[in-house]
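Please read the structure below before turning to the comments.
Protein chains in written order, with full-length UniProt numbering: chain B, 1 to 470; chain E, 1 to 470.
As structure tokens, then:
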């Protein structure tokens, strides 16, 4: 059945005719071959060039995903899963063509189990949809990477975001998943018990595998009671170092802050401009505290004292929902605020994560390195986890800027790995960071390659992502 | 190099002569071939029959483990890792003979990093040793499965214990490991960043793999500040159901209890007798609360109210260290207290874990099932996680008792899996629970088998454990 595959990006005709006919029979109008639709599925939100798949399949059930994978497997055709298209490292680029499976129509909430503090959803449910549907239960799902991401995509990239310092990442919050393997087999990675010692941890193996080991179609995730009290605080500092040093002491002291986010001066400026706000334009920490009235008051008092010890210029706390909403809307708008600094620019968004004791030094050395960059670079961070991001606002059509950005990214990552950190805390590897895998993991990459070869021997699952060629 | 392997349990001569010579050259007196020493390494703490390895190697470094594995790999000889010998499902039985690598002499604390709240240790360090050595730092390692287990063994079985409801299991608390793979390669599963999206989660893949994918020689684990205030409470109930129902409501309410342990009436009796105590002999919950004085007082008040709502007969709280120490000594003595109920008996210790909403029903149905057993059976549980244990006090030389115990265990596990739970919350699969793997995981077992075959193609790593034959 092997078909000569002649590149022909325009028409989507690269796929074998028999396979196209079967897909059309399976999906009807939910098989899309038009260029615009394919291109829209071949890019995320960052600087990576678009690489369109040859066809887009809008799946509505696990069984359809299985049927598509059986066809891809039979024909040796690559498969790229697609959720909301918010990934940042070229995860959805169809680097070898093939079929994109768009899971964004799989938006069913399958079961809310308030008594077990868990919920089972289809992979295309977004965190925003989920929290809206949960509102009446008094429960919420805390993981919040900022974008309109789907839960399937968040699991696939091991996403986290602003609440991870308190609630953990997708690694800690996915209880179980339904996954379709390369040959179309449907498996469930585990039951719903909170803990188990029954065999290999397939849930954690598929979380963060970026579609290269299987396609996540359903997830059961943990829920939490909406805190009785939520308060926020905005704390400006003279320097980024002082802000970060205060966070390090807060973490070392064990204060269970729910969120602690850093923005450097220029990012505060960009956000003020974009959102029409008037935060003091200096390095700033944004906190959130969750708990009972007593425990929140205790956390605020301790945080106020520790930030003051590190030279905080102010400590403005707010518990009314409107002020908090404004604050987090501003934080979540950073990507777009930064992009709006320059017409027709793209943000090369990169992130690293280091042990907390190295965070101040890592950020300071990074500031020194980027001081003379020829374009705007924002620094924002989930600093309670040791995780921070650079947003490099570049013209992606200018090779000189791409090369300069590449150098800055390269030095950032070598710096983080040199501190026993990681080349990405939450964005994932995609195609963009494959070149750092061996630097970070050494010979462990061979173990990953062996796992990949075992589960996807024909290399059809999101090929060209996560791992260097074996 | 394949050698005809003639069973000869007495002499340890099953190993190829050339290999024995190389091991002797490598280890000198740390290679043991005597029957008593081999038999002592072929059994854990439960009912499983002893199956002695052909040789015991006392390793002192990762490099030695690597050298031993290179030899085993070259000669196709099985390898069984051994820590403290406290496992409960036949994990250390040398079912196909071969070499036991005893890691209990690898007791070095490699680096305490108080500022990062982590520590790196060799695999033979016990949790007791670790916490003693940490005392001056104000930090502690919370995972407490009860025995004198080594951290390597705890990671290998994904252990947890009494504190897991608050601090998680080994799954959540291992940051990184050094692992020796089947071919003797030394890898590190990750750096020390608190989160990472850089490739497959090898740390979680090796945690819980019971020596079947690689041998853990070093671990970096998370530490926590010793709580400012620790209080305990003992709460007796009329019935197990009432006790469990109150725990379910405490968990659903989100009260961050550090420990909540159930003992049924007969287990309290056994413990009173064994430890010379006088707890009221009725189903009882033992709590521990960690935090600041204010948050602990709040937790106690809420717990008292919720247990009273469920008919608690009393609520005796204690914050002095002596009372707390007595209480947890009693809890940890349960295994031996129960065993002491009957001369020359062994405890068949089994555990399951279910979603919390099913816990009351699971325990009630189990009580009904075991009411007419011909031997003593204790019920204890880490009920905050939905996890409970039966201790079946049997004469392991009596086939009728073994068969009766097997039936009770079988029904318990089918009940738990039927509730979307697991056949083991924390003891692991070993050889004892392999027969339930397909019932629990279905076709996902094939994915586990593919991973095993990829990482250990010759099946030398703890063969006959975790997975049914492919």
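Every residue gets a Cβ at the ideal spot worked out from N, C-alpha and C, and that includes glycine.
Compute the Euclidean distance between the alpha carbons of residue i and residue j, then round it to the nearest angstrom.
i	j	result
residue 184 of chain E	residue 349 of chain B	39 Å
residue 76 of chain B	residue 99 of chain B	11 Å
residue 384 of chain B	residue 405 of chain E	50 Å
residue 442 of chain E	residue 96 of chain E	26 Å
residue 340 of chain E	residue 274 of chain E	7 Å
residue 19 of chain E	residue 292 of chain E	58 Å
residue 426 of chain B	residue 23 of chain E	45 Å
residue 159 of chain E	residue 466 of chain E	15 Å
residue 358 of chain B	residue 239 of chain E	53 Å
residue 439 of chain E	residue 147 of chain E	29 Å
residue 219 of chain E	residue 180 of chain E	12 Å
residue 70 of chain B	residue 182 of chain B	8 Å
residue 459 of chain B	residue 72 of chain B	11 Å
residue 263 of chain E	residue 153 of chain E	26 Å
residue 7 of chain E	residue 53 of chain E	In this prediction, residue 7 of chain E scores a pLDDT of 41, lower than 50, which makes its location untrustworthy; the coordinate-derived value is nonetheless stated afterwards. Residue 7 of chain E and residue 53 of chain E: Cα-Cα distance of roughly 11 Å.
residue 5 of chain B	residue 14 of chain B	For residue 5 of chain B, the pLDDT reaches just 40, beneath the cut-off of 50, and the residue's location in the model is therefore unreliable, leaving the point undetermined.
residue 236 of chain E	residue 418 of chain E	30 Å
residue 1 of chain B	residue 168 of chain E	The predicted position of residue 1 of chain B is uncertain, since its pLDDT is 34 and thus under 50; a value taken from the coordinates is nonetheless stated next. Distance between the alpha carbons of residue 1 of chain B and residue 168 of chain E is about 50 Å.
residue 261 of chain E	residue 140 of chain B	28 Å
residue 93 of chain E	residue 79 of chain E	11 Å
residue 464 of chain E	residue 363 of chain B	49 Å
residue 453 of chain E	residue 447 of chain B	12 Å
residue 343 of chain B	residue 56 of chain B	31 Å
Would a check of beta-carbon distances place residue i closer than 8 Å to chain B?
i	result
residue 130 of chain E	no
residue 73 of chain E	no
residue 167 of chain E	no
residue 200 of chain E	yes
residue 205 of chain E	yes
residue 66 of chain E	no
residue 443 of chain E	yes
residue 285 of chain E	no
Contact criterion: CB-CB distance below 8 Å. Does residue i meet it with respect to chain E?
i	result
residue 217 of chain B	no
residue 173 of chain B	no
residue 10 of chain B	With a pLDDT of 45 at residue 10 of chain B, under the threshold of 50, the predicted position of this residue should be treated as unreliable, and no value is reported.
residue 150 of chain B	no
residue 60 of chain B	no
residue 187 of chain B	yes
residue 196 of chain B	yes
residue 429 of chain B	yes
Identify the continuous alpha helix (DSSP H) that holds residue i and give its terminal residues.
i	result
residue 465 of chain E	No alpha helix (DSSP H) contains residue 465 of chain E, which DSSP labels as neither H nor E.
residue 490 of chain B	No answer is possible for residue 490 of chain B: it lies beyond the span of chain B, which begins at 1 and ends at 470.
residue 304 of chain E	293–309
residue 200 of chain E	From DSSP, residue 200 of chain E is part of no alpha helix (DSSP H); its letter is neither H nor E.
residue 326 of chain E	321–332
Could you give the first and the last residue of the continuous beta strand (DSSP E) run that contains residue i?
i	result
residue 218 of chain E	215–222
residue 111 of chain E	109–113
residue 177 of chain E	174–180
residue 169 of chain E	Premise fails: residue 169 of chain E is in no beta strand (DSSP E) and is neither H nor E.
residue 232 of chain E	229–236
Using alpha carbons as the reference points, say which of the options lies closest to residue i.
i	options	result
residue 379 of chain E	E/342, E/413 and E/338	E/338
residue 199 of chain E	B/199, B/212, B/219 and B/276	B/212
residue 243 of chain B	B/315, B/201, B/124 and B/446	B/315
residue 175 of chain B	B/166, B/116, B/413 and B/336	B/116
residue 366 of chain B	B/346, B/343, B/392 and B/290	B/392
residue 456 of chain E	E/74, E/260, E/356 and E/322	E/74
residue 334 of chain E	E/344, E/145 and E/178	E/145
residue 50 of chain E	E/91, E/410 and E/332	E/91
residue 398 of chain B	B/412, B/409 and B/374	B/374
residue 137 of chain B	B/353, B/308 and B/226	B/226
residue 121 of chain B	B/283, B/222 and B/324	B/222
residue 412 of chain E	E/431, E/402 and E/388	E/388
residue 325 of chain B	B/247, B/230 and B/381	B/230
So, under 8 Å CB-CB, residue i and residue j are touching, yes? Tell me the CB distance rounded to an integer number of Å.
i	j	result
residue 171 of chain B	residue 204 of chain B	6 Å
residue 126 of chain B	residue 150 of chain B	5 Å
residue 88 of chain B	residue 44 of chain B	6 Å
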